[in-house]
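The next block holds one structure in the form of structure tokens; read it before the comments.
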Amino acid sequence: MIIMSVDLGAARTGIAVSDKNEGFAFPKAVIHERDRSALIDKICEKAKELSAEMVVVGFPKNMDGTAGFKAEECAAIARDIGTKSGLPVELWDERCTTLSAHTLLNYTDTRGKKRKDIIDAVAATLILEDFLRHRKTSCD
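Numbering (the numbering used here), first residue to last: 482 to 621.
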């Protein structure tokens, strides 16, 4: 199944996608959109373009595991994506993914504008990798 992941941000939203066998996750795009309705439309268009069969949305829990305001907003957007696209949508814990993405980009010496342009897609990839790993170990 092709699964697309979404890392929601205030100004930029990262998109990643899996291969059909759910073995690999790849960064695909960054959507620059602040308007919620337009963002949902663009995410659904990207899911269709990538032939996604499921969407995973990063769920930003607090470090103590509770859901704050941002998490509630992401859950509402996830519901809207599911309604508009007709695809199943899962929320997935994204704690520390942006920090991990920054660490990964430090190792690859990616800096400046290039880093800013891809950080959200890398974070979406990390969310998707974790989700795929969980699916694989849960099914084995």
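Cβ coordinates follow ideal geometry from the N, Cα and C atoms, glycine included.
DSSP, read as helix, strand or coil, puts residue 568 in coil. Under the criterion of beta carbons closer than 8 Å, residue 506 and residue 497 qualify as touching, at roughly 5 Å.
Pairing residue 537 with residue 608 gives a Cβ-Cβ distance under 8 Å.
In the three-state reduction of the DSSP assignment, residue 506 falls in the strand class. Taken atom to atom, the span from the alpha-carbon of residue 494 to that of residue 511 is near 5 Å. Shown here, residue 547 sits in coil according to DSSP, grouped into three states, outside any helix or strand. Of the candidates 614, 615, 570, the residue whose Cα lies closest to the Cα of residue 534 is 570.
Between residue 551 and residue 541 the beta-carbon gap is near 5 Å, inside 8 Å, which marks them as a contact. Residue state for residue 493 is assigned as strand, using DSSP reduced to three classes. The residue among 501, 539, 502 with its C-alpha nearest the C-alpha of residue 558 is 539.
Assigned with DSSP and collapsed to three states, residue 521 falls in helix.
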